[in-house]
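I have placed the structure first, in the form of structure tokens, so that the comments after it can refer back to it.
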């Protein structure tokens with residue numbers, strides 16, 4: 001049973017100087033941050049189309065700072081709980097005196113009384129006309145973009161006069177059409193915060209790939225890649241199905257001192273992802289659950305059976321975006337192994353190349369201090 005508060009609206013504190021982040025935004029980030037703050041000031045909608053690794057979180061800080069100074073209540077909603085868990089410590093560091101709560105299926109905090117709420121989109125069912133500012137991160141991600149009821153929950157959670165900020169690296173056609181019809185303001189950030197281009201995936205054909213995997217044979221293209229890659233980097237291997245996880249692990253168990261598998265239903269998912277972040281595993285074999293929203297500083301990426309239907313253009317772009325996130329190691333290799341080239345593979349590579357071309361005039365690699 002759900003209960004609805006019908007009393008007076010809460011009076012949230014007006015914080016004088018809420019943000020403790022001491023980093024510096026790049027020119028591209030600053031432009032997007034200004035657009036976000038302007039949308040909050042004018043109660044408008046704003047899309048920020050920023051490549052993977054552009055530093056979207058930091059772009060939010062000026063707008064959130066302004067909102068807190070005005071006594072507004074803010075929600076940052078995202079489709080996946082992994083993203084909420086990753087964002088929580090970053091926001092606690094950036095806004096140390098603000099009451100922040102993280103809401104997801106198994107979270108310990110469930111009062112929902114924070115001035116700044118980090119939430120999965122499903123948890124928005126708790127709110128009605130509660131927020132002055134609604135930020136939806138990864139607006140194109142599953143399940144949000146496929147579930148109209150989640151869109152309704154997000155709309156319901158906003159006050160009648162409110163601002164809506166949408167963040168994504170891979171907007172769906174519906175959003176693109178709104179932008180092209182000048183129905184939605186958009187700010188484009190085609191360059192990563194460290195100024196280096198996105199790693200462009202290399203696609204390799206492997207005949208009878210699925211048959212080889214099922215017969216417990218290591219694909220030759222993967223074997224060659226493992227021999228040639230930089231061993232100082234960790235490795236993420238994405239597979240299309242849970243069924244393939246133990247097969248690939250068994251094929252590689254003698255090639256790596258430490259490796260693990262993870263998927264959406266894995267009860268140890270949170271711990272495994274954190275262990276990989278702490279470099280306790282050299283290799284993590286995963287489904288698309290880690291295609292977005294998680295950041296590892298120095299990894300190579302392989303998509304095994306990249307022609308499978310679960311790897312659409314957006315998924316491939318997002319997965320490729322896991323590589324080269326650190327200014328210390330801004331490259332990283334991305335390999336797509338397939339048994340037949342698909343339109344999604346071709347479109348994803350073209351998408352990434354297009355982003356890099358648009359960013360060329362802005363590329364000035366610098367050292368950026370980050371929280």
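Numbering (full-length UniProt numbering), first residue to last: 1 to 371.
No residue lacks a Cβ here, since even glycine has one placed at the ideal position from N, Cα and C.
Assuming residue i contacts residue j under a Cβ cut-off of 8 angstroms, what Cβ separation, rounded to an integer in Å, is found between them?
i           : j           : result
residue 324 : residue 331 : 5 angstroms
residue 209 : residue 338 : 7 angstroms
residue 139 : residue 145 : 7 angstroms
residue 285 : residue 303 : Rounded, the Cβ-Cβ distance is 12 angstroms, inconsistent with contact.
residue 296 : residue 244 : So it is not a contact: roughly 21 angstroms between Cβ atoms.
residue 198 : residue 356 : 6 angstroms
residue 134 : residue 102 : Not really, about 16 angstroms apart at Cβ, beyond 8 angstroms.
residue 99  : residue 131 : In fact, because the Cβ distance is near 14 angstroms, the residues do not count as touching under 8 angstroms.
residue 204 : residue 335 : 6 angstroms
residue 44  : residue 163 : 6 angstroms
residue 348 : residue 143 : No, residue 348 and residue 143 are not in contact; Cβ-Cβ is about 21 angstroms, not under 8 angstroms.
residue 319 : residue 301 : 6 angstroms
residue 322 : residue 222 : That belief does not hold up - the Cβ atoms of residue 322 and residue 222 are roughly 17 angstroms apart, past 8 angstroms.
residue 115 : residue 73  : 6 angstroms
residue 62  : residue 37  : 5 angstroms
residue 71  : residue 14  : 4 angstroms
residue 82  : residue 273 : 7 angstroms
residue 287 : residue 306 : Wrong, their Cβ atoms sit about 13 angstroms apart, outside the cutoff.
residue 206 : residue 220 : 7 angstroms
residue 388 : residue 298 : In the structure as shown, the chain starts at 1 and stops at 371, and residue 388 therefore has no counterpart that could be examined.
Determine the extent of the beta strand (DSSP E) in which residue i is found, giving its start and end residues.
i           : result
residue 213 : Where residue 213 is concerned, there is no enclosing beta strand (DSSP E), although the alpha helix (DSSP H) it sits in stretches over 209–214.
residue 224 : Where residue 224 is concerned, there is no enclosing beta strand (DSSP E), although the alpha helix (DSSP H) it sits in stretches over 220–228.
residue 264 : Taken as a continuous stretch (DSSP letters only), residue 264 belongs to no beta strand (DSSP E), as it is neither H nor E.
residue 205 : 202–205
Consult DSSP for residue i and reduce its assignment to one of helix, strand or coil.
i           : result
residue 300 : strand
residue 253 : coil
residue 238 : strand
residue 182 : coil
residue 354 : helix
residue 16  : coil
residue 72  : coil
residue 65  : helix
residue 187 : strand
residue 58  : helix
residue 11  : coil
residue 259 : strand
residue 360 : helix
Output the boundary residues of the alpha helix (DSSP H) element that contains residue i.
i          : result
residue 33 : 27–42
residue 92 : 81–94
residue 45 : Note, residue 45: premise wrong, no alpha helix (DSSP H); beta strand (DSSP E) at 45–50.
Contact the region 12–29 vs the region 87–95: 3+ CB pairs below 8 angstroms
The region 12–29, when compared against the region 87–95, does touch it at the 8 angstroms Cβ threshold.
Completely contained alpha helix (DSSP H) runs for the region 269–345, where each covers 4 or more residues:
List check, alpha helix (DSSP H) in window: 269–277 and 313–320.
Segments assigned beta strand (DSSP E), at least 3 residues, entirely inside the region 85–173
The qualifying runs are 100–103, 116–120, 131–137 and 158–168.
Do the region 303–311 and the region 250–267 make contact, defined as three or more Cβ pairs closer than 8 angstroms?
Contact check between the region 303–311 and the region 250–267: fewer than three CB pairs, one atom from each, fall below 8 angstroms, which does not count as touching.
Can we say the region 117–126 touches the region 75–84, given the rule of at least three CB pairs closer than 8 angstroms?
Yes: at least three Cβ pairs fall under 8 angstroms.
Would the region 168–179 and the region 41–50 be scored as touching if the rule is three or more Cβ pairs under 8 angstroms?
Taking 8 angstroms as the limit for Cβ pairs, the verdict is that the region 41–50 does touch the region 168–179.
Below 8 angstroms, can you find three or more Cβ-Cβ pairs linking the region 23–35 to the region 100–116?
Flag = no, the region 23–35 and the region 100–116 do not touch.
Across the region 54–70 and the region 174–194, are there enough close Cβ pairs to call them in contact, namely three or more that are closer than 8 angstroms?
Three or more Cβ pairs drawn from the region 54–70 and the region 174–194 lie within less than 8 angstroms of each other, which places the two stretches in contact.
Decide yes or no for the touch test of the region 277–284 against the region 254–261: beta carbon pairs closer than 8 angstroms, at least 3 of them.
Judged by Cβ distances under 8 angstroms, the region 277–284 makes contact with the region 254–261, as three or more pairs qualify.
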